[in-house]
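What follows is a short report on a single structure.
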Amino acid sequence: MNVDIGNALASVASPGISRDALESLDEQVAAAHERIEAGMDAGEHGYEALNLPERTDTDEIRLAADRVTGPETSAIVTVGIGGSALGAATITDALNGEADPEAIYLDNVDPEWLTSELARLDLETTVVNVVSRSGTTAETLANFLVVRDAFESAGVDWTERTIVTTGESGPLRDLVDRHDLPSLTVPDGVPGRFSALSAVGMVAAAVCGHDLDALLEGAAAEAETLTGSLFECPAYAYGATAYALDARGAGINAMMPYAEALETYAEWFAQLWAESLGKDDLGQTPVRALGATDQHSQLQLYRAGPRDKLVTFVSVEESEDREIPDTDVDDLAYLGDATLGELLDAEFEATEASLAAAGRPNVRVEIERVDEFELGGLLYGMEAACVLAGELYGVNTFEQPAVEWAKKATRGLLGGGEFEEAEAVAEKTELRVER
Numbered sequence: 000m001n002v003d004i005g006n007a008l009a010s011v012a013s014p015g016i017s018r019d020a021l022e023s024l025d026e027q028v029a030a031a032h033e034r035i036e037a038g039m040d041a042g043e044h045g046y047e048a049l050n051l052p053e054r055t056d057t058d059e060i061r062l063a064a065d066r067v068t069g070p071e072t073s074a075i076v077t078v079g080i081g082g083s084a085l086g087a088a089t090i091t092d093a094l095n096g097e098a099d100p101e102a103i104y105l106d107n108v109d110p111e112w113l114t115s116e117l118a119r120l121d122l123e124t125t126v127v128n129v130v131s132r133s134g135t136t137a138e139t140l141a142n143f144l145v146v147r148d149a150f151e152s153a154g155v156d157w158t159e160r161t162i163v164t165t166g167e168s169g170p171l172r173d174l175v176d177r178h179d180l181p182s183l184t185v186p187d188g189v190p191g192r193f194s195a196l197s198a199v200g201m202v203a204a205a206v207c208g209h210d211l212d213a214l215l216e217g218a219a220a221e222a223e224t225l226t227g228s229l230f231e232c233p234a235y236a237y238g239a240t241a242y243a244l245d246a247r248g249a250g251i252n253a254m255m256p257y258a259e260a261l262e263t264y265a266e267w268f269a270q271l272w273a274e275s276l277g278k279d280d281l282g283q284t285p286v287r288a289l290g291a292t293d294q295h296s297q298l299q300l301y302r303a304g305p306r307d308k309l310v311t312f313v314s315v316e317e318s319e320d321r322e323i324p325d326t327d328v329d330d331l332a333y334l335g336d337a338t339l340g341e342l343l344d345a346e347f348e349a350t351e352a353s354l355a356a357a358g359r360p361n362v363r364v365e366i367e368r369v370d371e372f373e374l375g376g377l378l379y380g381m382e383a384a385c386v387l388a389g390e391l392y393g394v395n396t397f398e399q400p401a402v403e404w405a406k407k408a409t410r411g412l413l414g415g416g417e418f419e420e421a422e423a424v425a426e427k428t429e430l431r432v433e434r
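Counting from 0, one number per residue, gives the positions in the sequence shown under numbering that gives the first Met the number 0.
Here it is, written out as C-alpha cells:
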C-alpha cells in the first residue's frame, strides 16, 4: 500500500503536524521500530502477529478445508466473534464473487437473526468453521450449539461438515479428539484482532477458493517495507501520523474506503484500532464510513463540525468498470460520457479536496486493486501501523482488559462461576423515564 499524508500537514490542516514535528517524531519511530523488530525476533506475544506471513501454513489450512468441502458446497458458516470472525469476513467480503460459496458469519447472539440465517441455508451443502482460542467464548459456543442442533434436526451429520479452529487445549480441542474432526490451531502469541493472516482468518477463504499464498505474499511484501523511518515505510507513516494528529486534537479516525468490497475492512480496522489503542485514557475512536455512500450521510460533520477528526481514505486504483447509459435529460447528459468507475473516482477526489479546502486533516491510503496480494498488504500494513502507534502511545497494544472484564461479568450472570464483575451489574445507578 501507499500512503499520502500531505493533507495532514499543519500547512494545510488544523489540527495538523508540521514537517519539523514529523522529523522529530521520526526519531521516536526509529526507537519504536527497534522494539518491534526485537519483539518479532523473540516471538513475543503480540509482535508474533507480524511474523505470520512467513509462518502461516497454507497447505495445512487447505487440507483441513478439503476434508469437509466438495463441488456441491454452497456455504461456509464461520461461528466466532470479534477477531475470530472479522478478519475472515474482511477477506471473503472483499474477494468473493457470485460463483463462490457464500460466506456467512455468526458473530452475534441475536436469536431472531440467527434463526433466520440458519433457516435459509441448505445444511446438506453447508460447511461450519467454529473459531475460539479458549474454546469457552460464551457467544461462540452458544451459537455453535444452536448450529449443531440445527444440523441434527435436519438429519445432517455435523461431524462430517465441521472444522474447528482453536487452541492446544480446551472444550473445543476435546471435541476434536472425540469426533476426529479436522482442526487448525490458533497461533500462539497472536491476539484475535491480529489473526486475519493465520488459520483464524483464512479457512473461509480456502473454502471459497481464494489464493491463500497470494494473501501472504502481499503481506510479506508489506513487511519488507518496515524500516526505522516513517518517510520510508507507508505503514509507519500512517501509524505515526494518526498518533500525532490524535495528540493535537483529532481523537476520531473515520476510516472511509472507496470500494464496496472493503466495507467490512472498515469494521475490521475499527476493532484493531479501538481494542489495541484504547487504554489509559488514550487512543483514537475509530468510525466506519463508506465512499461514496457516506458523503451523503457523514461528510457534512467531517467538513464543518468540530475539528476533532482524521478522515482516512482508502482508494483503489484499478477495478472493473461499467458505462453509464446515455440519457436524453439535458441536465444529466454529462453522465453519458462517463463510467461508474470514473464517477466514483470523481466523488473521491472531490471529497478529499473538500476536506482539504476546509483545512480538515485527511490521509490517503492507496492499493492497486482489490485482490489477494493487495488485500494481504493492506491488512498487514494496518496491523504494523497499529503496533507502531501503540509504541508511540506507550500502551500495551496486545491486551484487552476491558473486554475480559465484560466476559467475566457475562459468564457470572449466566451462572458460569463466581465473578465480582457480575456483582457490579447489580450496582448500576438507575434514573428511569417510563411511559
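By construction, the Cβ of each residue, glycine as well, lies at the ideal position given by its N, Cα and C atoms.
Here the structure is a predicted model, which means the values were calculated and not measured.
Extent of the continuous alpha helix (DSSP H) to which residue i belongs
| i | result |
| --- | --- |
| D245 | 233-246 |
| P52 | 51-54 |
| C385 | 371-392 |
| S275 | 262-276 |
| N142 | 137-152 |
| T57 | 57-65 |
Beta-carbon separation (whole angstroms), residue i vs residue j, contact threshold 8 Å
| i | j | result |
| --- | --- | --- |
| S133 | G86 | Contact doesn't hold; Cβ gap of about 17 Å is too wide. |
| G375 | G217 | 3 Å |
| L196 | L225 | Rounded, the Cβ-Cβ distance is 15 Å, inconsistent with contact. |
| L300 | V394 | About 28 Å; that fails the 8 Å criterion. |
| S168 | G82 | Contact doesn't hold; Cβ gap of about 20 Å is too wide. |
| A118 | Y104 | No, A118 and Y104 are not in contact; Cβ-Cβ is about 16 Å, not under 8 Å. |
| L211 | T57 | 4 Å |
| L378 | L309 | L378 to L309, Cβ: 20 Å. No contact. |
Per DSSP, the bridge partner or partners of residue i
| i | result |
| --- | --- |
| V2 | V364 |
| T436 | Nothing in the structure corresponds to residue 436, since the chain is present only between 0 and 434. |
| E436 | Residue 436 is absent from the structure shown; the chain starts at 0 and stops at 434. |
| S182 | V163 |
| R287 | M254 |
| S314 | E365 |
| L309 | N252 |
| L215 | According to DSSP, L215 bridges with nothing at all. |
| L8 | I16 |
| E322 | T338 |
Whether residue i touches residue j by CB criterion (8 Å)
| i | j | result |
| --- | --- | --- |
| A203 | A102 | yes |
| L271 | R192 | yes |
| E446 | E373 | Residue 446 lies beyond the stretch modelled for the chain, which goes from 0 to 434, so this question has no answer here. |
| S152 | T139 | no |
| R302 | A241 | no |
| E123 | V67 | no |
| V127 | T161 | yes |
| L298 | I323 | no |
| R61 | A249 | no |
| G188 | E398 | no |
| F418 | A425 | no |
| E59 | L183 | yes |
| R247 | I16 | yes |
| V2 | V313 | no |
| V364 | A258 | no |
| P200 | I90 | In the sequence on display, residue 200 carries Gly and not Pro. Cβ distance < 8 Å, so G200 and I90 count as in contact. |
| V76 | G227 | no |
| P360 | A7 | yes |
| F143 | V78 | yes |
| M0 | E221 | yes |
| A291 | L343 | yes |
| A31 | L391 | yes |
| W404 | E429 | no |
| E346 | Q294 | yes |
| E274 | R287 | no |
Residue i - containing beta strand (DSSP E), residue span
| i | result |
| --- | --- |
| N128 | 125-131 |
| L343 | It is not in any beta strand (DSSP E) - L343 instead sits in the alpha helix (DSSP H) that spans 339-356. |
Would the region 240-260 count as touching the region 177-186 if we require 3 or more Cβ pairs under 8 Å? They do not touch, by the three-pair rule.
Give a yes or no on contact between the region 411-430 and the region 260-272, applying the rule of three or more CB pairs nearer than 8 Å. Contact fails: fewer than three Cβ-Cβ distances are below 8 Å.
Counting Cβ pairs, one atom from each stretch, are 3 or more of them under 8 Å apart for the region 272-289 and the region 315-335? Pairwise C-beta distances place the region 272-289 out of contact with the region 315-335, as fewer than three of them are shorter than 8 Å.
Any chance the region 108-121 sits against the region 44-58, with 3 or more Cβ pairs inside 8 Å? No contact exists between the region 108-121 and the region 44-58.
Would the region 233-240 count as touching the region 385-398 if we require 3 or more Cβ pairs under 8 Å? The answer is yes - the region 385-398 touches the region 233-240, with three or more Cβ pairs under 8 Å.
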